[in-house]
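A short write-up of the structure that comes next.
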C-alpha cells in the first residue's frame, strides 16, 4: 500500500519569495501539499500568495518548466525569484515575449512613484482615476511593466511583467526600480512632463514671455513645453537638487 507521502507534492520557495507567502505558509520548508486535483504550477504558486510576476524560474525535480506544467504527486518544485538586474528585453522560458524596453504603468497604490520615474525620463503611465479594470485594459493594448503594492493585481493573467514594490517612500521605491531593472545612468532625465508623461519640446522664450515671471525672464533662456497640458519647464536650482536625488541610487 502506498504511503500518504506519495500523494504529496513539495514546494520550495527561494530568496525573498518567502516574504510574499501567505502568513500560514511562511517558515514552511518545504511546503507539502496533497495533490487532489489537476492544477498548473502557476495556479498553485499563486494560491500560496506569490504572484507569477515575481517568479524567475521554476524547477520540477531539477528541470526548468513553464507556468503551465501540471503539478503531480511526488514531485519537488523549486520556485526561484527573478534575478537582479532584470532584463525584460530578452526572452526566457517563463516570459517568452520580451518587451521593447522599459515602460511602466503605476497603479494608485504606488502613485507618487510615477512622478519620480517621469522625472528620471521613463515612459510611465499613471492616472489616479484608473481602477484595476482600466489598468488591465491598458496592459492588453500596450505591454508594459506594472508597478504596484497590490499582490492580488499582479496575479491577474493580463499582467505579464510586473513588480511588487517593497519600499515605502517614493524615493526609495524609485531606487528599488532602478536596482531591479539595472538602471545605472539617466540619459533622458527631465525630458517628460511630470503631469501627463508627454515628451517635452523646446519652446522659444519670446513665445511664452507673457507667462513668465520677471525674475525668470531675466535669468533663464532655455525652456520646454508640454504639447498636451501646456505646462512650461525650465532648469532652475530645483533641477540640480532633483538630479542629485535621482543619481543617489
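Numbering (our numbering), first residue to last: -10 to 238.
All residues carry an ideal CB built from backbone N, CA and C; glycine is no exception.
Item                                                                                                                                                                                : Value
Count the C-beta pairs between the segment 112 to 127 and the segment 80 to 98 that are closer than 8 Å, then say yes if the count reaches three, no if not.                        : yes
Between which residues of its own chain and residue 87 is the CB-CB distance below 7 Å, once the five residues before and five after are set aside?                                 : 77, 78, 79, 80
Give me, in chain order, the residues of the same chain whose beta-carbon lies closer than 7 Å to that of residue 117; leave out the 5 immediate sequence neighbours on both sides. : 97, 100
Near residue 203, what residues of its chain come up, given a Cβ to Cβ distance below 8 Å and the 5 sequence neighbours on each side ignored?                                       : none
Using DSSP with H/G/I as helix, E/B as strand and the rest coil, what is residue 223?                                                                                               : strand
For residue 209, which of 148, 160, 201 has the nearest alpha-carbon?                                                                                                               : 201
Helix or strand or just coil, what does DSSP make of residue 213?                                                                                                                   : strand
Mapping the DSSP letters down to three states, classify residue 5 as helix, strand or coil.                                                                                         : helix
Can we say the segment 58 to 66 touches the segment 30 to 40, given the rule of at least three CB pairs closer than 8 Å?                                                            : yes
Determine the direct distance from the alpha carbon of residue 223 to that of residue 181, and round the result to whole angstroms.                                                 : 12 Å
With C-beta atoms as the reference, is residue 10 less than 8 Å away from residue 45?                                                                                               : no
Using the three-state DSSP reduction, which class does residue 109 fall into: helix, strand or coil?                                                                                : coil
Just the C-alpha distance for residue 189 and residue 137, rounded to the nearest angstrom, thanks.                                                                                 : 26 Å
Looking only at its own chain, which residues have a Cβ that is under 8 Å from the Cβ of residue 6, when we skip the five neighbours before and after it?                           : 39, 43, 44, 68, 69, 70
Taking Cβ positions, are residue 186 and residue 112 nearer each other than 8 Å?                                                                                                    : yes
Does the distance from the CB of residue 170 to the CB of residue 110 come in under 8 Å?                                                                                            : no
How many Å lie between residue -9 and residue 47 at the Cα?                                                                                                                         : Legend: pLDDT at residue -9 = 43, less than 50; position of this residue unreliable, value from coordinates given subsequently. Roughly 28 Å between the two C-alpha positions.
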